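J.:
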Amino acid sequence: MTAQNSVHSFRFPWYGYPGLGVIVISEVGLFFNLWFFETYITPLCWTGLILFLDALNFRLAGNSIIQNHRKEFLWMVSWSIALWYVFEFYNLFIKNWHYVGLPDSLWLRYFGYFWSFATIWPGVYQIFHLLKNLKIFDQIRIKPWTVSKRYLTTSIIFGFFCLLLPFIVSREIAPYLAAPVWIGMVFLLDPINFLNRRYSLLRDWAAGNLTTLLQLFLSGLIAGGLWEFWNYWATAKWIYTVPILGDVKIFEMPVLGYLGFPAFAVEVMVMWESVKLLLRLK
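Mapping of the sequence shown onto our numbering: residues 1 to 282, in sequence order.
#1: Using the Cα positions of Ile94 and Ser9, report the straight-line distance between them to the nearest angstrom.
#2: What would DSSP say about Trp238, mapped onto helix, strand or coil?
#3: Compare the beta carbon distance of Phe264 and Gln215 with 9 Å and say whether it is the shorter of the two.
#4: For Tyr125, which option in Met269, Leu277 and Arg280 has the closest C-alpha, if you only look at C-alpha atoms?
#5: Could you tell me which residues DSSP pairs with Ile250 in its beta bridges?
#6: Using the Cα positions of Phe89 and Arg109, report the straight-line distance between them to the nearest angstrom.
#7: Per the DSSP calculation, Trp97 is bridged to which residue(s)?
#8: Alpha carbon to alpha carbon, how far is Phe167 from Val22? Give it in angstroms, no decimals.
#9: Return the chain-ordered list of same chain residues with a C-beta closer than 8 Å to the C-beta of Tyr232, the five sequence neighbours on each side being excluded.
#10: Give the straight-line distance between the Cα atoms of Arg280 and Lys135, rounded to the nearest whole angstrom.
#11: Could you tell me whether the Cβ atoms of Leu56 and Gly123 are closer together than 9 Å?
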């Protein structure tokens with residue numbers, strides 16, 4: 001999915017306009033303290049942003065996941081819920097966030113959960129492809145190197161160990177182990193993707209290309225800033241209980257927590273490639 005032609009060669013798909021409209025209407029509804037918008041501002045704005053960015057990506061490159069890979073997009077929306085629940089499971093041990101202001105109705109509460117979680121992978125994906133189409137960090141290179149079997153094995157073992165750590169330490173130590181959770185999937189799954197000849201960051205690095213990695217880092221920071229901005233104004237929101245500098249915040253997120261967003265964007269890419277391997281998607 002790369003930019004191939006001039007921006008003037010492609011139309012702007014119709015759904016980009018209502019996507020932008022959803023964001024504007026949601027912000028207005030939030031301003032007037034309307035319950036639906038106060039409660040669901042985050043998934044509302046992310047839904048609008050996903051539609052708008054997809055249209056913009058098609059306008060820039062003539063290629064977007066909704067226009068050209070709709071089956072993959074539908075899989076991504078559904079798997080985004082399941083994949084985020086992996087991190088919700090880890091949070092039972094690291095206890096770095098919890099939710100407040102949720103609707104009393106379980107139906108409305110889980111409607112909000114599923115809707116919010118369904119936007120995570122598509123949201124990061126759209127931001128990443130916008131940066132890719134704009135050629136941000138394009139052609140940043142390092143010296144090529146050879147990926148050895150020893151490196152692949154070591155990476156897989158290290159990733160497994162990172163993901164195991166929160167389960168085997170004491171409850172007092174576990175809250176300090178968010179970092180291994182946010183990097184573990186990368187070290188575990190990317191070598192597996194590499195060995196199965198799927199897209200892999202390792203393959204880019206071995207070729208000396210850092211462009212995708214840096215684009216993912218920036219995608220994570222942008223997505224993280226948007227998550228925290230919209231979450232800050234919501235009545236149904238997440239609150240962090242980070243043990244280090246937890247009171248020094250930008251919006252609801254402690255400043256150190258923003259370091260996790262670049263790593264998470266890389267995990268989004270790597271985990272999705274593993275899902276595509278599982279589903280045999282191209």
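Where is the CB? At the ideal position from N, CA and C, for every residue including glycine. Treat the numbers as computed from the prediction; the structure is a model and nothing was measured.
T.: Reading off the structure:
#1: 49 Å
#2: strand
#3: no
#4: Met269
#5: Met253
#6: 18 Å
#7: Tyr240
#8: 41 Å
#9: Phe251 and Glu252
#10: 29 Å
#11: no
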